[in-house]
Amino acid sequence: MTAGADWRPGASIQALRQRAEWRAQLRQFFDQRGVIEVDTPLLAATGVTDPAIECLQESVSGYWLQSSPEYAMKRLIAAGLGDCYQMTPAFRAGEQGRWHNPEFTLLEWYRLGYSADDLMNELGQLTDALLGPAPIRCRTYQAAFRMAGLPDPLLASTDALISAARTMPAACPLPSGMAHRALLDWLFSQVVAPQLPARCFVTHYPADQAVLARLDPDDPRLAERFELFIDGVEMANGFRELTDAAALRERFEADQAVRRACGQSVMAIDERLLAAMDAGLPDCAGVAVGLDRLFARAAGVESIAEVIAFPWARA
């Protein structure tokens, strides 16, 4: 192909017009509920410490392209803004494929005083509005593993998980030398997710996958975290937010230790976020939705490239 020959958008003009209509519909959804739209920086002094995420760094300023607006939105909430949402570009290095693009669009929102169940209910309403009504099942992380024929993820040893993985059909070969958490992630994506109901919330993730979620007060092995899956594809990740700055600092430092041990770049801790939490982050729940994936499902297409104007290969 000659240089510049792929100048046209990857998505059809009809799909792009429909995408604009869906975005307008989402704004109406939140406006009706009194949730304010905000904008936060795409570039910031730090990224996230999470070992599962690699941020992109802008080469001139040294600032980081944000993988989520989460930290900045929480600073706004701590400052007294209240319920808010944002539709924004987000960035992650090395994620490209049928359901991944290094630049993608996130819808993220926060509700003060909401439990995880409250926010799941609202997310279900939003999903019904875009995709049409359908039942959404609910399974705990532990039950989802067991129903897929795998050992209990809260109790099984690494050797037991490896043994089970070798007996299960999977689209990708099992990598060697995987740590326990990475092995659980692989089993979930390769074995568990494809067997979930068409629309399904998975709840009560293990505490070491808590990200920025509170731990379950009834079982500290678990986090008040949920994800929404549609046809086996993750659409949303949400939780009742951790508000304890000291506990979050410990998690950030643990993340840094993991990154250091794995040879990853060690991301600086976002001190502004911790200061905001020290000042007082209200009790709230938040969720991030991959809009490109949700729009692809609403359009009935099999790739996010079909609903993005210029995916990575054409950017």
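Counting from 0, one number per residue, gives the positions in the sequence shown under numbering that gives the first Met the number 0. Idealized CB from N, CA, C, for every residue including glycine. Bear in mind that the values here come from a model prediction, so they are computed numbers and not experimental data.
Pairwise C-alpha distance: residue j and residue i
i: V59; j: L42; result: 12 Å
i: A267; j: E69; result: 16 Å
i: D117; j: V34; result: 15 Å
i: P196; j: E249; result: 36 Å
i: F187; j: L106; result: 24 Å
i: E20; j: A278; result: 39 Å
i: L290; j: L125; result: 12 Å
i: T104; j: R22; result: 11 Å
i: S162; j: S175; result: 12 Å
i: L221; j: R91; result: 27 Å
i: R32; j: G3; result: 45 Å
i: I307; j: P8; result: 8 Å
i: Q17; j: L293; result: 13 Å
i: A147; j: G231; result: 13 Å
Own chain residues within Cβ distance below 6 Å of residue i, not counting five before or after
i: R213; result: E223, R239 and L241
i: Y140; result: V201, H203 and Y204
i: D269; result: T45 and Y70
i: M167; result: V190
i: L173; result: A164
Segment limits, beta strand (DSSP E) that includes residue i
i: N236; result: V232 to R239
i: Q31; result: Q31 -> not in any beta strand (DSSP E); alpha helix (DSSP H) instead, spanning I12 to Q31.
i: T139; result: R136 to T139
i: R165; result: Segment T157 to R165 is the alpha helix (DSSP H) holding R165; no beta strand (DSSP E) there.
i: A222; result: D218 to A222
i: R198; result: R198 to T202
Proximal residues to residue i (C-beta, below 7 Å), its chain only, five neighbours per side dropped
i: D49; result: V210 and D254
i: K73; result: L272, A275 and L280
Backbone secondary structure at residue i - three-state DSSP
i: Y109; result: strand
i: L75; result: helix
i: M86; result: strand
i: Q56; result: strand
i: P193; result: helix
i: L41; result: coil
i: F144; result: helix
Residue interval of the alpha helix (DSSP H) (run including residue i)
i: G123; result: A115 to L130
i: A294; result: With the sequence shown as reference, residue 294 is identified as Phe, and Ala is not the correct amino acid for it. From DSSP, the alpha helix (DSSP H) with F294 extends over L290 to A298.
i: V257; result: A244 to A260
Classification of residue i by the beta-carbon crowding that lies within 10 angstroms, buried from 16 upward
i: A275; result: buried
i: R136; result: exposed
i: C199; result: buried
i: C261; result: exposed
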